Amino acid sequence: MRILVVGDGKVGHTVAENLAREGHDVVIVDRSDEALRRSEDTLDVMCVRGSGANAATLVEAGADKADIIIAATAGDETNMLCCLMAKRLGTKYAIARIRDPEYNESLTMLQRELGIDLAVNPERATALEISRLLRFPFASNIESFAKGRVEMVEFRAHENDAVVGMPLHEISRKLRGIPQVLYAAVERGGEVYIPNGNFIIQPDDRVHVAADMVTITAYFRYLGKNSLRVKNVMMLGGGRISYYLSRMIVPMGIHVSMTEINEKKVQDLSEALPDVNVIYGDGTDQDLLEQEGLHQMDAFVALCDRDEENLMTGLYAVRQGVPKVVVKNNRVAYADIISGMGLDSIVSPKEITCANILRYVRARKNATGAKVERLYKLVGGKAEALEFIARHNDPYIGIPLKDLTMRPGTLVAVIVRRGKVIVPFGNDHIESGDSVVIIACESGISDLNEVIHK
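Heads up, the sequence shown is in my numbering, so the first residue is -10 and it goes up one at a time.
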């Protein structure tokens, strides 16, 4: 497909990189010569210098023949105007990054009036992910599929966990009463494995398990991992993520303290969030953190603008014994190093945004097939979890999984049929309308028929 990416910043560049890798014809539009030179040198894309809100620039970029425009500049208004003009020029679909909370209340109307097919809010999406992590504090990462019916939870295995040290096919026989989940992926020493029945979980493995919410909760209760309940949270930074996250978790009965160094922001946040204790001061100051009771907190969430400050403050919170520490970090290349330092829960607004956009693009590419409904990056982008809806004329319908051929490095993780969650084995089959969750060690899969064959 021909795709225009307006804005060559962190999100725009990463989206363009992934789309070009998947074989799309990508055109980047930006005002910065320096940013465009970087993209021309490193990516297989075409670059056009100019404003995406200028009709002449969009025409030069080929908006009249484009399938999708992705507006990812720093300005919400510019992004909305880009989408409106591109749709008028002939672009089929429009995606806009819209971040300001002021627009969130009237987003549906804005999308309808401006012709925006998908609005992406990186900060709100990141806040939603963090809220899930606070619900399961022992988890490093949580993803949901099939309209929330299926959850995939990542946790770090410890030596005293009951499932450590035995082949997966023996777990249900040796551990009486353990809820049955699917062991979807394991990361060990930087390598990702799609485990079979003979795989043995070892201490320090990062394990992904999938099942419905009730079964997942019972599974971790069996392992003794869900004893912590988050009641007090401290946040570093009073940005948009902190605002959205506070709005989500305060109604859950969680008490929030938030440190912010900008006095004007402190005043605004105190008015917008009356139930949050907004503290004026430098949240990276250890004396301030101790004074505000960091060691008594159930969770600490570092969300300031600088990744380095988030990491250093997060490490300090870990050393102070805070049970759950979540850190915002957009430098994915450092993920393995950060994890080795004891910080398991890393969230990246850039990666979350890119995953949402890529999922939409893949769905448009395969509008008539078993298209991608959900796409999540796992273990630092080394694997993907994809959700498809099976169609009635697909060749694998009704055939037991043991009689089908699976693409190497993939696994059918979960099937959801008429609201019922099935952890599949060899005798199970896929029916028309089923939600099917696939785990894959490679990116670029966009159709279920690419994974399952007769």
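Cβ coordinates follow ideal geometry from the N, Cα and C atoms, glycine included.
All values derive from a computational prediction rather than experimental measurement.
Can you tell me where the alpha helix (DSSP H) with F209 in it begins and where it stops? Counting from 1 along the sequence shown, the entry for residue 209 is found at position 220. Its alpha helix (DSSP H) spans residues M202 to L212.
With a threshold of 8 Å on Cβ separation, who are the neighbours of A200 within its own chain once the five nearest residues in sequence on each side are excluded? Here residue 200 refers to the residue found at position 211 when the sequence shown is read from its first residue. Excluding residues within five positions, the ones whose Cβ falls inside 8 Å are V139, E140, P168, Q169, V170, L171, Y208, V403, V410 and V412.
Reduced DSSP category for A359 - H, G, I as helix; E, B as strand; rest coil: Mapped onto the sequence shown, residue 359 falls at position 370. At A359 the pLDDT is 48, less than 50, meaning the model places this residue with poor confidence; the figure from the coordinates comes in the next sentence. Reduced to three states, the DSSP call for A359 is coil.
Pull up the CB-CB distance for K214 and F144, whole angstroms please, since I reckon it's below 8 Å. As a first step, residue 214 is located in the sequence shown; it is residue number 225 there, counting from the start. As a first step, residue 144 is located in the sequence shown; it is residue number 155 there, counting from the start. Between K214 and F144 the beta-carbon gap is near 7 Å, inside 8 Å, which marks them as a contact.
From D53, R26 and I230, pick the residue whose C-alpha is nearest to that of P90; which is it? For the purposes of this step, residue 90 is identified with residue 101 of the sequence shown, where counting begins at 1. Of the listed residues, the one whose Cα sits closest to P90 is I230.
Between L448 and G331, what straight-line distance do the alpha-carbon atoms span, to the nearest angstrom? In the structure as shown, the chain starts at -10 and stops at 443, and residue 448 therefore has no counterpart that could be examined.
Grouping DSSP H, G and I as helix and E and B as strand, with all else coil, what is H158? As a working mapping, residue 158 is identified with position 169 in the sequence shown. Here DSSP, grouped into helix, strand and coil, assigns H158 to helix.
Which of helix, strand or coil DSSP assigns to S434: As a position in the sequence shown, residue 434 is number 445, starting the count at 1. One detail in the question is off: residue 434 reads as Ile in this sequence, not Ser. Here I434 sits in coil by DSSP.
Segments of 3+ residues assigned as beta strand (DSSP E) that fall wholly inside the stretch 343 to 420: The qualifying runs are 361 to 367, 372 to 378, 399 to 406 and 409 to 411.
At which residue ranges does the stretch 45 to 95 contain complete alpha helix (DSSP H) runs of 4 or more residues, listed in the order of the chain? Counting only runs of 4 or more residues that sit fully inside the stretch 45 to 95, the alpha helix (DSSP H) segments are 65 to 78 and 90 to 93, in chain order.
Comparing C-alpha positions only, which one of A372, P240, L277 and I419 sits nearest to G387? Here residue 387 refers to the residue found at position 398 when the sequence shown is read from its first residue. Minimum Cα distance to G387 is reached at I419.
Give the DSSP-derived three-state secondary structure of M237 in the structure shown. In the sequence shown, residue 237 corresponds to position 248, counting from 1. The answer is helix: DSSP assigns M237 an H, G or I state.
What residue does the alpha helix (DSSP H) around D14 start on, and which one ends it? As a first step, residue 14 must be located in the sequence shown, where it is residue number 25. Element bounds for D14: not the alpha helix (DSSP H) but the beta strand (DSSP E), D14 to D19.
Say whether the stretch 104 to 116 touches the stretch 150 to 160, bearing in mind that this needs 3 or more beta-carbon pairs closer than 8 Å, one atom from each stretch. Pairwise C-beta distances place the stretch 104 to 116 out of contact with the stretch 150 to 160, as fewer than three of them are shorter than 8 Å.
Between the stretch 86 to 100 and the stretch 27 to 39, are three or more C-beta pairs nearer than 8 Å? No: fewer than three Cβ pairs fall under 8 Å.
CA-to-CA distance, S432 to S421, given in whole angstroms: The residue given as residue 421 occupies position 432 in the sequence shown. The residue given as residue 432 occupies position 443 in the sequence shown. So the alpha carbons of these two residues sit roughly 25 Å apart.
From Y182, A55 and Y233, pick the residue whose C-alpha is nearest to that of N93; which is it? Here the question's residue 93 lines up with position 104 in the sequence shown. For the options Y182, A55 and Y233, the alpha carbon positioned closest to that of N93 is the one of Y233.
For a test of the three-state rule: what should DSSP assign to N130, helix, strand or coil? Walking along the sequence shown from the start, residue 130 turns up at place 141. Strand.
Tell me which same chain residues have a C-beta within less than 7 Å of the C-beta of I385, skipping the five on either side of it? Here the question's residue 385 lines up with position 396 in the sequence shown. A quick correction: the sequence has Tyr, not Ile, at residue 385. L393, I419, I441 and K443, listed in sequence order.
Neighbourhood of T240 by C-beta distance below 7 Å, restricted to the same chain and skipping five residues each side: Walking along the sequence shown from the start, residue 240 turns up at place 251. Sequence inspection shows Pro at residue 240; the Thr mentioned does not correspond to that position. Spatial neighbours of P240 in its own chain (CB-CB distance under 7 Å, excluding positions within 5 residues in sequence) are not present.
Closest to G370 by CA distance: which of D14, E176, M74 and A9 is it? For the purposes of this step, residue 370 is identified with residue 381 of the sequence shown, where counting begins at 1. Cα-wise, what sits closest to G370 is E176.
Alpha carbon to alpha carbon, what distance is there between L367 and A359? Here residue 359 refers to the residue found at position 370 when the sequence shown is read from its first residue. Here residue 367 refers to the residue found at position 378 when the sequence shown is read from its first residue. The predicted position of A359 is uncertain, since its pLDDT is 48 and thus under 50; a value taken from the coordinates is nonetheless stated next. Straight-line Cα distance between these residues: approximately 22 Å.
When DSSP builds the beta bridges, which residues end up paired with S445? Lying before the first or after the last residue shown, residue 445 is absent from the chain, which here runs from -10 to 443.
Since I believe I428 is in contact with L390 (beta carbons under 8 Å), could you give me their beta-carbon distance rounded to a whole number of angstroms? Translated into the one-based positions of the sequence shown, residue 390 becomes position 401. Translated into the one-based positions of the sequence shown, residue 428 becomes position 439. At roughly 14 Å, the Cβ-Cβ gap does not stay under 8 Å, so L390 and I428 are not in contact.
Coil, strand or helix - R27 by DSSP: By one-based count along the sequence shown, residue 27 stands at place 38. Three-state result, R27: helix.
Please classify H284: is it buried, with 16 or more other beta-carbons within 10 angstroms of its beta-carbon, or exposed? Working through the sequence shown from its first residue, we reach residue 284 at position 295. With fewer than 16 other Cβ atoms within 10 Å, it is exposed.
Need the endpoints of the beta strand (DSSP E) that V37 sits in, please. Residue numbering aside, residue 37 sits at position 48 when the sequence shown is read from its first letter. For V37, the enclosing beta strand (DSSP E) has its first and last residue at M35 to R38.
Nearest-angstrom Cα distance between E148 and G154? Sequence index remark: in the sequence shown, residue 148 carries index 159 (1-based). Sequence index remark: in the sequence shown, residue 154 carries index 165 (1-based). So the alpha carbons of these two residues sit roughly 9 Å apart.
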